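Each residue of the sequence shown is one higher than the one before, counting from 456 in the numbering used here.
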Amino acid sequence: MKKQKIEIPLEVFETVSELPIDIQELMNKAQQARENAYAPYSRFRVGAALQLSSGKIVLGNNQENAAFPSDLCAERVAVFNAGANFPNETITALAITVRSENKKISEAIAPCGACRQSLAEYEQKQKSPIEIYFMGETGEIIKVASVMDLLPLGFDAKYL
Ligand code: THU
């Protein structure tokens, strides 16, 4: 038996103003998208903004449903939107931010497991990494250089 460890390389930014200028804009767009979330049940709003290599920005926010499992997370709304409307463009970065109407969230909130799986599919499809920047309503921003950094030991098409 061998013991092994997997380390996740992260970069931590103290404030949005420390981010590269194009990512500051992307995070601002994610904040705007977050405020348009349809989240009457959880009151937990999530905004996502994808940067495409052409410079276009594609937005997503969580869309809830009275039949709870029928809802969709912000990150998947964004990436499916890009897949549907700009299927041949490369996604270069994703900014994510959350705001709860129940409590102040000052820690960086990473995408859920299902969103990591969906994002990984698009990263593999385009054969180039997608940087992910995520934060709460306030507080630090965490960056990973690739979706795969958030999904070690993931499942993908090579096993099929
Ligand atoms: N949510 C997202 O939009 N992204 C995530 O990565 C985690 C959760 C949404 C789903 C639901 O509308 C609300 O946040 C509470 O789970």
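The beta-carbon is built from N, C-alpha and C at its ideal position, and this holds for glycine as well.
Bear in mind that the values here come from a model prediction, so they are computed numbers and not experimental data.
**Item:** For GLU595, the nearest candidate out of ARG554, SER561, PRO495 and GLU519 (CA to CA)
**Value:** Taking only the C-alpha atoms, the option nearest GLU595 is SER561.
**Request:** Please report how far the alpha carbon of VAL501 lies from the alpha carbon of ARG554, in whole angstroms.
**Result:** When rounded, the distance between both Cα atoms is 7 Å.
**Message:** So, at 6 Å on beta carbons, what are the nonlocal neighbours of TYR496 in its own chain, with the 5 sequence-adjacent residues on each side left out?
**Reply:** Cβ neighbours of TYR496 beyond the five flanking positions: GLU519.
**Prompt:** Using CA coordinates, which residue listed in THR470, LEU481, GLU469 and VAL471 is at the minimum distance from ALA548?
**Reply:** Of THR470, LEU481, GLU469 and VAL471, the residue nearest in Cα terms is LEU481.
**Asked** If you run the structure through DSSP and keep just helix, strand and coil, what is GLU578?
**Response** For GLU578, the three-state secondary structure derived from DSSP is helix.
**Prompt:** Any heavy atom of the ligand THU closer than 7 Å to the CB of GLU530?
**Reply:** Yes, Cβ of GLU530 sits closer than 7 Å to a heavy atom of the ligand THU.
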